[in-house]
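Chemist: In my numbering, the protein residues as written are 702 to 1160. All C-beta atoms in this analysis are idealised placements derived from N, C-alpha and C, irrespective of residue type, glycine included. Computed from a prediction, not measured in an experiment: that's the story for all the values here. Handing you this structure, nothing more for now.
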């Protein structure tokens, strides 16, 4: 009880101090809401903090402070912000006609905040320091969750559905598949901060912490036993190799690391990962395929979707396969029919398709694919610029692109189409894009190019 009281007092003091700092530096309200939305300290606490709507307070303070105190000169609304607004309005309309109005209203209560905050973020990210500060808070907030999870994994406390993080429930970032995907997506951002950070300038302690955090993130797929995390690790490795200069060396190190680590992996983790090859051997994977097939059939008659939580009306029937081995070359296959209902989509793509129909899926895809393209443009444009003003842009664009591709691949197997953290990534990308456009537009251009210097005469 004493330990719980101390934890409650610490969380309450920290959150109040974080929000209080915003009255001196209004942008801190944005950072406070980011921390609260990711970590959910009100869920960790059992005391008075759990009864205070700190998320809503920080959310309102961030908007009011920007409206009252911020300089609006040069503010631009980008195409992706328009897409976010369109998706927000469209989701609001489908919520009004949802097949399950009560459940849809519960999901809409937090979805609209995620979309609106992502649309609002670029308006506040007017300097490099603000862009870095938001990146830092996002990484450290995820670190609050994964560092403890990594320690428990090393101590042997992991397992599918068994790893206990800060909150003993299966919601938000604390769901095993979601945290394993988000943890891997954070790794490129943590490495960027260790190289180009100015809040904590690069030195051995900063780099040591960053690598320790990355190691904890890499342990999340093992600790949670989530197959999504393993897929995300492979995607991260491929993205790193795409732009690496010493590919052969990196591939050799990756191969050596895999050879050394595989014998030390828990047996239940290896067994669970082996089901990736054949979905029929695992009931969870078979359920996903059945739900996806149901969703495709559902939108044939409901092209605009069924609103949030439309999956609750599904009825599924599928077969699982169990193999009984008698010797090395003899196996008896047994097909077992399974009947299930109201199973979640377990895929962001089918989540969008089933809930928001073809228009919602199209807007969501354009929103994210446009981000991948914009980050590639920035990466290529500034990759040879080593100046202090722009030398950090290309590496950050690359890190954000890697994080988003990891999200897009990982979301194939987990329903995180409206996960707030992922929309913070979108807002951060929009902020970086708008910052570069604004700075480049303000840079003075010469009226005409200077004439080339004349070659010296041969006399």
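Express the C-alpha separation of residue 1080 and residue 949 in angstroms, rounding to a whole number.
Modeler: Residue mapping note: residue 949 aligns to position 248 of the chain shown, counting from 1. Residue mapping note: residue 1080 aligns to position 379 of the chain shown, counting from 1. Distance between the alpha carbons of residue 949 and residue 1080: 23 Å.
Chemist: So residue 813 and residue 837 are in contact, right, with Cβ under 8 Å, and what is the actual spacing, rounded?
Modeler: Translated into positions along the chain shown, residue 813 becomes position 112. Translated into positions along the chain shown, residue 837 becomes position 136. The pair is not a contact, with the Cβ atoms about 27 Å apart (cut-off 8 Å).
Chemist: Please go through the region 899-933 and give each complete alpha helix (DSSP H) segment of 4 or more residues, from N-terminal end onward.
Modeler: Those alpha helix (DSSP H) runs which fall completely within the region 899-933 and span 4+ residues are 905-925.
Chemist: Judging by CA-CA distance, which residue of 1009, 1129, 1073 and 1005 is the nearest neighbour of residue 940?
Modeler: Sequence index remark: in the chain shown, residue 940 carries index 239 (1-based). Ranking 1009, 1129, 1073 and 1005 by Cα distance to residue 940 puts 1073 first.
Chemist: Count the other CB atoms, across all protein chains shown, that sit within 10 Å of the CB of residue 765; report buried if there are 16 or more and exposed otherwise.
Modeler: By 1-based counting over the chain shown, the position of residue 765 is 64. That one is exposed.
Chemist: In the DSSP assignment, the alpha helix (DSSP H) including residue 726 goes from what residue to what residue?
Modeler: Translated into positions along the chain shown, residue 726 becomes position 25. Note, residue 726: premise wrong, no alpha helix (DSSP H); not H, not E.
Chemist: In angstroms, rounded to a whole number, what distance separates the CA positions of residue 781 and residue 1135?
Modeler: Here residue 781 is taken as the residue at index 80 of the chain shown, counted from 1. Here residue 1135 is taken as the residue at index 434 of the chain shown, counted from 1. The straight-line gap from Cα to Cα measures roughly 11 Å.
Chemist: Would DSSP call residue 1016 helix, strand or coil?
Modeler: Position 315 of the chain shown, counted from the first residue, corresponds to residue 1016. Here residue 1016 sits in strand by DSSP.
Chemist: Given that a residue counts as buried once 16 or more other Cβ atoms are within 10 Å of its Cβ, and exposed if not, what is residue 881?
Modeler: As a first step, residue 881 is located in the chain shown; it is residue number 180 there, counting from the start. It is buried - the Cβ of residue 881 has at least 16 other Cβ atoms within 10 Å.
Chemist: Reducing DSSP to helix, strand and coil, say where residue 820 ends up.
Modeler: Residue 820 sits at position 119 when you count from the first residue of the chain shown. Looking at residue 820 - three-state DSSP - the assignment turns out to be helix.
Chemist: Can you grab the Cα-Cα spacing for the pair residue 849 / residue 829, in whole Å?
Modeler: For this step, residue 849 is matched to residue 148 along the chain shown. For this step, residue 829 is matched to residue 128 along the chain shown. Taking the straight line joining both Cα atoms gives about 31 Å.
Chemist: Counting C-beta neighbours from all protein chains within 10 Å, is the total for residue 724 16 or more, i.e. buried, or is it exposed?
Modeler: Counting from one through the chain shown, the residue named residue 724 turns up at place 23. It counts as exposed.
Chemist: Inspect the beta-carbon positions of residue 1058 and residue 832 and report whether they are closer than 8 Å.
Modeler: By 1-based counting over the chain shown, the position of residue 1058 is 357. By 1-based counting over the chain shown, the position of residue 832 is 131. Cβ distance not < 8 Å, so residue 1058 and residue 832 don't count as in contact.
Chemist: Using CA coordinates, which residue listed in 932, 835 and 802 is at the minimum distance from residue 818?
Modeler: Walking along the chain shown from the start, residue 818 turns up at place 117. Nearest of 932, 835 and 802 to residue 818, Cα basis: 835.
Chemist: I need the straight-line Cα distance from residue 899 to residue 741, nearest angstrom please.
Modeler: Taking the first residue of the chain shown as 1, we reach residue 899 at position 198. Taking the first residue of the chain shown as 1, we reach residue 741 at position 40. Answer to the nearest angstrom: the Cα atoms are 27 Å apart.
Chemist: So residue 944 and residue 1077 are in contact, right, with Cβ under 8 Å, and what is the actual spacing, rounded?
Modeler: Along the chain shown, one-based indexing puts residue 944 at 243. Along the chain shown, one-based indexing puts residue 1077 at 376. At roughly 10 Å, the Cβ-Cβ gap does not stay under 8 Å, so residue 944 and residue 1077 are not in contact.
Chemist: CB-CB under 6 Å to residue 878, same chain, minus the five flanking residues each way: which ones, in chain order?
Modeler: Here residue 878 is taken as the residue at index 177 of the chain shown, counted from 1. Excluding sequence neighbours, residue 878 sits near 927, 929 and 1115.
Chemist: Sort out for me which residues DSSP pairs residue 1042 with in a bridge.
Modeler: Taking the first residue of the chain shown as position 1, residue 1042 is located at position 341. DSSP, once it has assigned bridges, lists 1016 as partnering residue 1042.
Chemist: Where does residue 832 fall in DSSP's three states?
Modeler: Counting from 1 along the chain shown, the entry for residue 832 is found at position 131. Of the three classes helix, strand and coil, the one that applies to residue 832 here is helix, per DSSP.
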